[in-house]
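Novice:
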Amino acid sequence: MNLRATIPHSPEAGSGPSRPPPPASGVEASLPLAELMRRGDVLSPDCPAREILQHVTSRWGVLVLVALDDGTLRFSELRRKVGGVSERMLAQTLQVLERDGFVERRAYPVVPPHVEYRLTPLGRKVGLHVQALADWIGGHLPEILAARGQAAAAAVAGG
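According to the UniProt record's numbering, the sequence shown holds residues 1 to 159 in order.
1. Under the three-state reduction of DSSP, which class applies to P142: helix, strand or coil?
2. Below 8 Å, how does it come out for the region 77 to 89 and the region 101 to 113: are there three or more Cβ pairs, yes or no?
3. Alpha carbon to alpha carbon, how far is L141 from G149? Give it in angstroms, no decimals.
4. P45 to P112, Cα distance in whole Å?
5. Mind checking A91: buried by the 16 CB within 10 Å criterion, or exposed?
6. Only counting the same chain, and skipping five residues up and downstream in sequence, which positions put a Cβ closer than 6 Å to that of W60?
7. Would you call R39 buried or exposed, if buried means 16 or more other Cβ atoms sit within 10 Å of its Cβ?
8. Using DSSP's beta-bridge definition, name the partner residues of E116.
Right, dumping it as structure tokens:
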């Protein structure tokens, strides 16, 4: 996976979700996100990529990106497709993904209200990586479930 993040070397970068990060001061480094993780940069609360990574990989963020990969959906269709999500959590997730530039919201001036959601070009790109992760998990599910079973058995035996 070749995710790249431009991380400004500024102590104020990523300070607070309610305002955009300040312009970069000094030198900017464009490094693979995996390298930033190895170095610990993404683990820093000042890393702007950390918040975006959290949005994309959140419980509902991943599922919304996968669901919208099939095309444009209305809110109610999306809620049915993403089983188990509450209206409130779906609305919050969509707002965050829209703010990050991954989802486009289109409201039509009709009664009753008609709102549709779809992936932006950036959302389709991140969606490819999410799909690749989902495919990898699917391909390794027997191993993962076996490891879970072993951990559960060890907990029972040791507990």
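For each residue, glycine too, the CB sits at the ideal point set by N, CA and C.
Specialist: A quick look at the data gives this:
1. helix
2. no
3. 12 Å
4. 42 Å
5. exposed
6. V85, M89 and T93
7. exposed
8. R74 and R106
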